[in-house]
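To keep things clear, I will list the structure first and then write my remarks on it.
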Amino acid sequence: MFHAATKVTIIAERLLQDKIVKALEAGGAKGYTVVDGGGKGEHFTRIEDSASVVNAFSIIRIEAILASDDAARAIATDLETNFFNQYSGVVYLSPIEILRPERF
Amino acid sequence: MFHAATKVTIIAERLLQDKIVKALEAGGAKGYTVVDGGGKGEHFTRIEDSASVVNAFSIIRIEAILASDDAARAIATDLETNFFNQYSGVVYLSPIEILRPERF
Amino acid sequence: MFHAATKVTIIAERLLQDKIVKALEAGGAKGYTVVDGGGKGEHFTRIEDSASVVNAFSIIRIEAILASDDAARAIATDLETNFFNQYSGVVYLSPIEILRPERF
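Protein chains in written order, with the numbering used here: chain A, 1 to 104; chain B, 105 to 208; chain C, 209 to 312.
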């Protein structure tokens, strides 16, 4: 039996990792995955027409699955407001399906 | 011409890699991608309220695309039943669109 | 306020990275993420029944988010036509939701 859930993905500068993880936990995420680009990832963003190339060593990708779509949206809105006005980074939501929603 | 397909994503302890790959092949996946966290990934899950922190060096992420949604669901159910009652890990499905469905 | 967007994901041999990035930019992607498998990723594809194992050191995963679904489809079609008839690799689309669509 599959259940709809929402995945929050954040691509951000490494210096934000602890703050993002705290925001995820505060928002109700029971688990999350952190992948460190560690010299193997590059993230390029352009903010207001000036290209900003984030150092290849500083990128993290964090994903959290939320059984509650509302909780996922609240987390994404919180991150966008608190971090990504200042820092380059991306947050987006993906529709997924999970088994055992009680774990998320 | 795009065709609906289903992506199965598994985040699991590295020791499960071979078994997961066998389950994917048995379930009809013609291709898959394995990304080894290799000291750069962390996965935290909480099972039954006791936090389990999986070693940062032991995480793999495996993705397989199935042209058949039924096949993807069967694989996910199989993995959940056979592995993730015992081991920490996550399996989820994502709706995607592909070109050339005969390759998947 | 969330807005529907389309994510293009490409899994390909590393030698294609520059060409893929050019195709993304030509197609209107304002930003993209490149993750180098760098000995930590494996991608297996089978083309026409002959298994082709791509070297573990040569895989990249590139993702780009497009606010325009049409632009995402045009990029995916372009990549499939120009590269993945010859080279092993995968391109797929995922429905996502973003904040601040003007950035994508």
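No residue lacks a Cβ here, since even glycine has one placed at the ideal position from N, Cα and C.
For residue i, the first and last residue of its enclosing beta strand (DSSP E)
{"i": "Ala272 (chain C)", "result": "267-274"}
{"i": "Ser94 (chain A)", "result": "89-98"}
Cβ of residue i within 7 Å of any chain C Cβ
{"i": "Thr181 (chain B)", "result": "no"}
{"i": "Leu203 (chain B)", "result": "yes"}
{"i": "Tyr87 (chain A)", "result": "no"}
{"i": "Ile163 (chain B)", "result": "no"}
{"i": "Thr185 (chain B)", "result": "no"}
{"i": "Ile96 (chain A)", "result": "no"}
Below-7 Å beta-carbon distance, residue i vs any chain B residue
{"i": "Ser258 (chain C)", "result": "Note that Ser258 (chain C) scores a pLDDT of 41, beneath 50, so its modelled location is shaky and nothing firm can be said."}
{"i": "Glu310 (chain C)", "result": "no"}
{"i": "Ile273 (chain C)", "result": "no"}
is_contact[residue i, chain A] using C-beta, thresh 7 Å
{"i": "Ile270 (chain C)", "result": "no"}
{"i": "His251 (chain C)", "result": "In this prediction, His251 (chain C) scores a pLDDT of 48, lower than 50, which makes its location untrustworthy; no coordinate-derived value is stated."}
Enclosing alpha helix (DSSP H) for residue i [first to last residue]
{"i": "Ala180 (chain B)", "result": "173-186"}
{"i": "Glu206 (chain B)", "result": "No alpha helix (DSSP H) holds Glu206 (chain B); DSSP gives it neither H nor E."}
Residue-chain proximity (residue i, chain F), Cβ-Cβ < 7 Å
{"i": "Ser276 (chain C)", "result": "Considering every chain present, this structure includes no chain F. Its protein chains are A, B and C."}
Selection of the region 106-135 of chain B by Cβ proximity to chain C, strictly under 8 Å: Phe106, Ala109, Lys111, Lys134, Gly135
Any 3 or more C-beta pairs closer than 8 Å across the region 160-174 of chain B and the region 67-86 of chain A: no
Validate contact between the region 79-94 of chain A and the region 105-125 of chain B using beta carbons, cut 8 Å, 3 pairs: Touching, no.
Continuous beta strand (DSSP E) assignments of at least 3 residues falling wholly in the region 113-140 of chain B: Listed in chain order, the beta strand (DSSP E) elements of length 3 or more contained wholly in the region 113-140 of chain B are 136-140.
Touch test, the region 214-222 of chain C against the region 28-36 of chain A, Cβ-Cβ under 8 Å, three pairs minimum: no
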